[in-house]
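Q: Numbering (our numbering), first residue to last: 26 to 307.
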């Protein structure tokens, strides 16, 4: 029997062919993966929303300031405090982006500088263009400058950050008289409240039962003042007319602190709780 000798050259050729096959397969797999990856990248939605525009404090009810052709009031004046509690309401410009998913609201203060997530709003709530921070009273808020900003998310997962607005919360004035729901003749109305430690002036406001503005008067700090002010606005007898469903008026006292913005508008203050007076003929 003749012996067959396997030379080194034959082995090298067979090994070389094997590596060629492996290299070919590897190259094909990599090309497929790269091709697929490229198709997926092409379909990604990279649209980023316009940043929300927060509304700073524009003024207060009773100021001769117009916002969008309407006299400034409690509903259109930007970030502000409210009568109900030691809370702050924020507002932002209308968002026209059609693919809004939700909005996150953050706050921080000069004593609590780390941002805290306050709430996450649904698409519907975001469209209301305002938010009342009902959790603020848990943070010992009086005497602090509170700042807010928002983060708007789209359905594609992209988001943008708003600018920041700020307002300093001061002590609420405590109303002394008239007591709530008292009956008074229009000529007998006098307002009295307790002075706070951090206000430089006050504003007495009177509204009708629909919360439409009737009258205000500014009252500046006077030493040893008794903080009593007689009503001196328009004649209220028209509210006793049978055409009006309600003969009630609403009153409160706003307090203003010493911090103003560049336009000279106070960005520190508080609003007292509101009281009702039932008007009677006389």
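C-beta: ideal position from N, C-alpha, C; glycine also.
I'd like to know whether the C-beta atoms of residue 282 and residue 225 end up nearer to each other than 8 Å.
A: Looking up residue 282 in the chain shown gives position 257. Looking up residue 225 in the chain shown gives position 200. Their beta carbons are under 8 Å apart, which means residue 282 touches residue 225 by this criterion.
Q: Going by C-alpha to C-alpha distance, which of 257, 134, 75 and 230 sits closest to residue 200?
A: Translated into the one-based positions of the chain shown, residue 200 becomes position 175. Out of 257, 134, 75 and 230, 230 has the C-alpha closest to the C-alpha of residue 200.
Q: Quick check: is the beta carbon of residue 203 nearer than 8 Å to any beta carbon in chain C?
A: As a matter of chain content, chain C is missing from the structure shown, which is built from one protein chain.
Q: Which residues mark the beginning and the end of the alpha helix (DSSP H) in which residue 280 is found?
A: Numbered from 1 along the chain shown, position 255 holds the residue referred to as residue 280. Premise fails: residue 280 lies in the beta strand (DSSP E), 273 to 281, not in any alpha helix (DSSP H).
Q: By Cβ distance, which residues of its chain are closer than 6 Å to residue 291, with the 5 residues on each side in sequence left out?
A: The residue labelled residue 291 in the question sits at position 266 within the chain shown. Closer than 6 Å at Cβ, skipping near neighbours: 281 and 285.
Q: Compute the beta-carbon to beta-carbon distance between residue 203 and residue 265, rounded to the nearest angstrom, for a pair I have assumed lies under 8 Å.
A: Here residue 203 refers to the residue found at position 178 of the chain shown. Here residue 265 refers to the residue found at position 240 of the chain shown. The Cβ separation is near 17 Å, so there is no contact.
Q: Would you mind giving the Cβ-Cβ distance between residue 304 and residue 274, rounded to the nearest angstrom? I have them listed as a contact below 8 Å.
A: Taking the chain shown and counting its residues from 1, one reaches residue 304 at position 279. Taking the chain shown and counting its residues from 1, one reaches residue 274 at position 249. Indeed they touch by this definition, with Cβ atoms about 7 Å apart.
Q: To which residues does DSSP link residue 303 through a beta bridge?
A: Residue numbering aside, residue 303 sits at position 278 when the chain shown is read from its first letter. Paired residue(s): 208 and 273.
Q: Taking residue 295 as part of the beta strand (DSSP E), name the residues at either end of that continuous run.
A: Working through the chain shown from its first residue, we reach residue 295 at position 270. Residues 293 to 296.
Q: Are the CB atoms of residue 142 and residue 128 within a distance shorter than 8 Å?
A: Taking the chain shown and counting its residues from 1, the one referred to as residue 128 is at position 103. Taking the chain shown and counting its residues from 1, the one referred to as residue 142 is at position 117. Not a contact, by the Cβ cut-off of 8 Å.
Q: Buried or exposed: where does residue 345 fall if 16 or more other Cβ atoms within 10 Å of its Cβ makes it buried?
A: As displayed, the chain neither begins before 26 nor continues past 307, which places residue 345 out of reach and without an answer.
Q: Once you ignore the five residues that flank residue 84 on each side, which residues in its own chain have a CB closer than 6 Å to its CB?
A: Against the chain shown, residue 84 aligns to sequence position 59. Result list for residue 84: 90, 97, 102 and 290, in chain order.
Q: In chain order, what residues of the same chain lie with their CB nearer than 6 Å to the CB of residue 278, ignoring the 5 residues before and after it?
A: Position 253 of the chain shown, counted from the start, is the residue given in the question as residue 278. Once the five neighbours on either side are set aside, the close Cβ partners of residue 278 are 198, 218, 227, 229 and 297.
Q: Please name the residue or residues paired with residue 226 in a DSSP beta bridge.
A: By one-based count along the chain shown, residue 226 stands at place 201. Partner(s): 245 and 281.
Q: Nearest to residue 300 by alpha carbon, out of 80, 74, 109 and 81?
A: Locating residue 300 in the chain shown gives position 275, where the first residue counts as 1. Checking every option, the nearest Cα to that of residue 300 belongs to 109.
Q: Using C-beta distances below 8 Å, list every residue in its chain close to residue 212, excluding the 5 sequence neighbours before and after it, in chain order.
A: Here the question's residue 212 lines up with position 187 in the chain shown. Here the set comprises 307.
Q: Below 8 Å between beta carbons: does that hold for residue 161 and residue 111?
A: On the chain shown, residue 161 is found 136 positions in, with the first residue counted as 1. On the chain shown, residue 111 is found 86 positions in, with the first residue counted as 1. Their beta carbons are under 8 Å apart, which means residue 161 touches residue 111 by this criterion.
Q: Starting from residue 114 and walking both ways along the beta strand (DSSP E), at which residues does that stretch end?
A: Working through the chain shown from its first residue, we reach residue 114 at position 89. Run containing residue 114: 113 to 116, per the beta strand (DSSP E) assignment.
Q: In this structure, what does DSSP give as the bridge partners for residue 257?
A: In the chain shown, the residue the question calls residue 257 occupies position 232. According to DSSP, which records beta bridges pairwise, residue 257 is partnered with nothing at all.
Q: Might you give, ordered along the chain, the residues of its own chain that have their beta carbon closer than 8 Å to the beta carbon of residue 117, omitting 5 neighbours on each side?
A: Translated into positions along the chain shown, residue 117 becomes position 92. These residues qualify, in order along the chain: 77, 78, 79, 80, 154, 155, 175 and 187.
Q: Beta-carbon separation of residue 171 and residue 140 under 8 Å?
A: Residue 171 sits at position 146 when you count from the first residue of the chain shown. Residue 140 sits at position 115 when you count from the first residue of the chain shown. No, the pair does not count as a contact, with Cβ atoms beyond the cut-off.
Q: When DSSP labels each residue in this structure, what does residue 263 get in the three-state scheme?
A: In the chain shown, counting from the first residue as 1, residue 263 sits at position 238. Correct three-state label for residue 263: helix.
Q: Please report the distance separating the alpha-carbon of residue 232 from that of residue 239.
A: Taking the first residue of the chain shown as position 1, residue 232 is located at position 207. Taking the first residue of the chain shown as position 1, residue 239 is located at position 214. Cα-Cα distance, rounded: 5 Å.
Q: Output the boundary residues of the alpha helix (DSSP H) element that contains residue 132.
A: Position 107 of the chain shown, counted from the first residue, corresponds to residue 132. Counting along the chain, residue 132 falls outside any alpha helix (DSSP H), though it belongs to the beta strand (DSSP E) covering 125 to 134.
Q: Under 6 Å Cβ to Cβ from residue 30, same chain only, skipping five residues before and after it: list those, please.
A: Sequence index remark: in the chain shown, residue 30 carries index 5 (1-based). Below a pLDDT of 50, predicted positions are generally treated as unreliable, and residue 30, at 43, falls in that range; the measurement from the model is reported next regardless. Same-chain partners within the cutoff: there are none.
Q: Tell me which residues share the same chain as residue 136 and place their Cβ nearer than 6 Å to its Cβ, disregarding the 5 neighbours each side in the sequence.
A: On the chain shown, position 111 is the one that residue 136 refers to. Excluding sequence neighbours, residue 136 sits near 169.
Q: Contact defined as beta carbons within less than 8 Å: I believe residue 70 pairs with residue 181. What is the distance between those atoms, to the nearest angstrom?
A: Translated into the one-based positions of the chain shown, residue 70 becomes position 45. Translated into the one-based positions of the chain shown, residue 181 becomes position 156. The Cβ separation is near 4 Å, so the contact holds.
Q: Just the C-alpha distance for residue 254 and residue 95, rounded to the nearest angstrom, thanks.
A: For the purposes of this step, residue 254 is taken as residue 229 along the chain shown, with counting starting at 1. For the purposes of this step, residue 95 is taken as residue 70 along the chain shown, with counting starting at 1. When rounded, the distance between both Cα atoms is 29 Å.
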